[in-house]
Amino acid sequence: MDTNPTYIVTGCTGYVGNVLTKKLLDEGCRVIGFARSRAKAERVFADRAPAFVFGNISSADALEGCFAGGGEFVVLHTVAKVSIGEGSQKEVYDVTVRGTQNVVDACVRHNAKLLHVSSTEAVPHGVKLKEDLSNYVPDPRRVRRGYARAKSEADALVLRAVKERGLDASLLLLAGVLGPGDTSRSHMSQMMIEYIEGRLPASVHGGYNDFDIRDVADVLPAVVAKAKKGESYLFAHEPDTIDEILAIVSRMTGQKKLPSLPLWTAYLGVPFLHVAARLTGKRPLYTAAALHSLRADADFPIGKAQKEFGYSPRPLEETVRDHVLYLAEQGLVRL
């Protein structure tokens, strides 16, 4: 990888951000990590760390410290307020949309290349993506409210800046992220932990499309070098199910298999989970928005990333096993 540019990674302590940051460090690159929490940054990068700039991404000039000294910059914008329906929608908007606008403005000011990490959640409802993703046109009116709509709005403003302001930017659409490095205890990690500890009462019919974030990290040098201005690229694997994922964990841990319930029964439990979450201060394991995702068409085209970057997703079983081992290494679950 070309070590001349300085790489700025927003959200460097998050799931995607920390894995990509560590890849850049492994490649000998100069990396500046933008993060909100100093304590989390010190914990996530205890062994080896980038230079840090701390701030709130939704503040207009928060990123200016990242560009101190000038030079050539490549920005990997991974920060977003990931939500499956719980939490403050204002915070989702401020971080995901306003934060992206601030990143775009900074990249234009400093003539930086932008790799904007987005989500397949932003794909408009009913759109069957072509292999080259040429028909991916962000349309916030055609996605669910909340996180998906915020990501769609963020994608739209990035592409608008490409056309109107000359920004050199590409979109990286990610499906469901799995694999070691989950510093934020995602809902999938929460589900695995509760299953291993015997606290998950049942599985549900349905699934999504989950891939290993390490496989994106492996081709990051090619992405930086070859991603084209105004183009979109998608990283996924194959459609999978919750039952499949839990079966892998079962084979690994010996935990008994669970009954699998239809989605409509899970919808009935949503109000009770929200009440329990308010009483305990813990987020619900799932929400109506999450269940909606489990019903979605998750067969995504990855040929473009395979052809242009050499992207090659590893087997789901390897990913899930390594994910569980990572949770155990972090002391989040006992095997």
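Count the sequence shown with the UniProt record's numbering and you get residues 1 to 335, in order.
Glycine included, every Cβ here is placed at the ideal spot set by N, Cα and C.
- In the DSSP secondary-structure assignment, Thr10 is bridged to Phe34 and His77.
- In the three-state reduction of the DSSP assignment, Ala227 falls in the coil class.
- Of the residues Val79, Tyr195, Ser119 and Val158, the one whose Cα lies closest to the Cα of Ser184 is Val79.
- For Tyr233, the beta-bridge partners assigned by DSSP are Leu172.
- Of all C-beta pairs linking the segment 53–70 to the segment 249–257, fewer than three are shorter than 8 Å, placing the two stretches out of contact.
- Distance from the CA of Gly71 to the CA of Gly33, rounded to the nearest whole angstrom, comes to 16 Å.
- By the C-beta density criterion, Arg149 is buried, having at least 16 other C-beta atoms within 10 angstroms.
- Looking only at Leu76, Pro301 and Leu200, the smallest Cα-Cα distance to Val103 is reached by Leu76.
- With at least 16 other beta carbons inside 10 angstroms of its own, Pro313 counts as buried.
- Spatial neighbours of Val333 in its own chain (CB-CB distance under 6 Å, excluding positions within 5 residues in sequence) are listed in chain order as Ile193, Ile196 and Leu327.
- Per DSSP, Asp212 lies in no alpha helix (DSSP H) segment; the continuous beta strand (DSSP E) that holds it begins and ends at Asp210 to Asp212.
- In the DSSP assignment, the residues bridged to Ser118 are Leu173.
- Per the coordinates, the alpha-carbon of Glu231 lies some 30 Å from the alpha-carbon of Thr241.
- Arg214 and Ser203 have their alpha carbons spaced roughly 27 Å apart.
- The straight-line gap separating the alpha-carbon atoms of Asp105 and Phe73 is approximately 14 Å.
- Per the coordinates, the alpha-carbon of Gly181 lies some 31 Å from the alpha-carbon of Pro262.
- In this structure, Phe211 places its C-beta atom within 9 Å of the C-beta atom of Val177.
- Of Ala51, Thr13, Ala35 and Lys113, the smallest CA-CA separation from Val224 is found for Lys113.
- Judged by DSSP in its simplified three-state form, Lys113 adopts strand.
- Straight-line spacing of the CA atoms in Ser152 and Asp139 works out to 6 Å.
- The residues Val9, Leu76, Thr78, Ala217 and Leu220, in chain order, have a CB closer than 7 Å to that of Leu20 in the same chain once the five nearest residues on each side in sequence are set aside.
- When only Cα atoms are considered, Val31 and Arg142 end up about 37 Å apart.
- Note on Gln330: under 16 other CB atoms within 10 angstroms of its CB, so exposed under the neighbour-count rule.
- In the displayed model, Leu220 falls within a helix according to three-state DSSP.
- Between Thr319 and Ala236 a beta carbon distance of about 12 Å is seen, past the 8 Å cut, so the two are scored as non-contacting.
- The C-beta distance from His116 to Val158 rounds to 5 Å, short enough to meet the 8 Å contact threshold.
- When secondary structure is reduced to three states using DSSP, Ala51 falls in the strand class.
- Boundaries of the alpha helix (DSSP H) around Ala328: Leu316 to Glu329.
- When C-alpha distances from Ala305 are compared across Glu238, Ser37, Ala227 and Ala41, the shortest belongs to Ala227.
- Rounded to the nearest whole angstrom, the CA to CA distance from Val324 to Leu316 is 12 Å.
- According to DSSP, Leu332 shares a beta bridge with no other residue.
- Contact annotation: Asn209 and Ala156 have beta-carbon atoms that are not nearer than 9 Å.
- Shortest Cα-Cα distance from Glu164 to any of Ile245, Lys22, Val108 and Gly11 involves Val108.
- In terms of CA proximity to Leu258, Arg199 leads the group Val92, Ser186, Arg199 and Met188.
- With 16 or more other Cβ atoms from the protein chains shown falling within 10 Å of its own Cβ, His187 counts as buried.
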